[in-house]
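Per our numbering, the very first residue in the sequence shown carries number 105; after that it's consecutive.
Heads up, the beta-carbon is just placed ideally off N, CA and C, and yes, glycines get one too.
As the structure is a prediction and not an experimental result, all values here were calculated from the model.
For reference, the structure discussed in these notes is given below.
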Amino acid sequence: MTSADPYYRPALARIHHEGFGFHADACAPGILALLDDVRRRDGLVVEVGCGTGLLTRHLTDAGLRVVATDASPAMLDLARSYAPDAVEHRVLVLPDDPVPECDAVVSTGHALSYVPYRATLEAALVACARALRPGGVLALDLEDLTTRDAQMARPPTPWLGDDWALITERASDAPDHFARLMTTFMRRPDGAYERGFERHDNVLIDVEGVVRPLLEAEGLTVHIGLSFGDETNMEGLMVVVAHRPSA
Ligand SMILES: C[S@@+](CC[C@H](N)C(=O)[O-])C[C@H]1O[C@@H](n2cnc3c(N)ncnc32)[C@H](O)[C@@H]1O
């Protein structure tokens, strides 16, 4: 994401909030179970790419202390009202903005996949790992290289809300690249629909072959799977759960 062409401007932020909560909802039970120890010791959770606060709200409702962060000011604006009990809502663009020291870093919706290059994604993962205190846990999902074939097999997909519509088309320029091309229609007060467009480029990564050794080199023990808990995720999405050993 670049500041000149930010992802998730206000129209798409609202569409995400109203139409795409199912992923954070499905992941929440598994993530909450992973954070059980952190909650018991009143540890601090940093959520990266929190979007509109869909997961944040599950975490704060369970009594966790959460710093909710995202690159998109429009997403964060919605998170402020949807998940008001976060300790803080902060614009944080990975990999350059510092990740606060914490006991857990969590993320859903492959937020780290939105950076432009593999090197940027690796830098973002290292920044998250280095923020963890001893005993800390990292739990996030990423788009694996296999995302490309799974996504490119899909036809253009329409989504409908009460006063919006979204059409998602897909493109890929390379084995490690996948983009969603999203045309939005938002009903205005006069009844006409305003059209918008966002293209989200994602960098795909070999999660087992690249992410595992990267995080192990940071001193973490790493588990890679298809889910945080019992949920079924989209094909190509991989879940990384890593622990920093206690001191
Ligand atoms: C698909 S949304 C997922 C939002 C939320 N986690 C959820 O599950 O509903 C991806 C999020 O990643 C954020 N994002 C994209 N690039 C980012 C970056 N470089 N640093 C931090 N967040 C980023 C976007 O603004 C967006 O909110």
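Handout entry: Beta-carbon proximity list for E320, same chain, < 7 Å, skipping 5 on both sides
Key = Against the sequence shown, residue 320 aligns to sequence position 216. Only V326 meet the Cβ criterion.
Problem - Proximity to E226 [Cα-Cα], best of R145, P199, F301, T251 - result: Against the sequence shown, residue 226 aligns to sequence position 122. For E226, the nearest C-alpha among the options comes from P199.
Problem - beta-carbon D267 near ligand 1 non-hydrogen atom, thresh 7 Å - result: Locating residue 267 in the sequence shown gives position 163, counting from the first residue. Answer for D267: no, Cβ out of range of ligand 1.
Practice task
Counting only runs of 3+ residues fully inside the segment 285–310, write out the beta strand (DSSP E) ranges in chain order.
Solution key: 297–307
Practice task
Look at the Cβ atom of E247, then the Cβ atom of L116, and state whether they are nearer than 8 Å.
Solution key: By 1-based counting over the sequence shown, the position of residue 247 is 143. By 1-based counting over the sequence shown, the position of residue 116 is 12. For E247 and L116, no; Cβs fall outside 8 Å.
Exercise for the section: Note down the Cα distance separating R239 from D207, rounded to an integer number of angstroms. Expected result: Within the sequence shown, residue 239 is the residue found at index 135, counting from 1. Within the sequence shown, residue 207 is the residue found at index 103, counting from 1. This sequence places Gly at residue 239; Arg is not what is there. Those two C-alpha atoms are separated by around 7 Å.
Exercise for the section: For T212, count neighbouring Cβ atoms within 10 angstroms of its own Cβ and tell me buried if that reaches 16, exposed if not. Expected result: Taking the sequence shown and counting its residues from 1, the one referred to as residue 212 is at position 108. So T212 ends up on the buried side.
Practice task
Would you check if the distance between the CB atom of Y218 and the CB atom of H304 is smaller than 8 Å?
Solution key: Position 114 of the sequence shown, counted from the first residue, corresponds to residue 218. Position 200 of the sequence shown, counted from the first residue, corresponds to residue 304. For Y218 and H304, yes; Cβs fall inside 8 Å.
Exercise for the section: For R258, collect the residues of the same chain with a Cβ closer than 7 Å to its Cβ; drop the 5 residues on either side in sequence, then sort them by chain order. Expected result: Locating residue 258 in the sequence shown gives position 154, where the first residue counts as 1. R274, listed in sequence order.
Exercise for the section: Kindly indicate which residue of Y297, R161, S331 has the alpha-carbon position closest to the one of R169. Expected result: As a working mapping, residue 169 is identified with position 65 in the sequence shown. Selected option, being the one with the closest Cα: R161.
Handout entry: Proximity below 8 Å, CB of C154 to CB of A130
Key = Walking along the sequence shown from the start, residue 154 turns up at place 50. Walking along the sequence shown from the start, residue 130 turns up at place 26. Cβ distance not < 8 Å, so C154 and A130 don't count as in contact.
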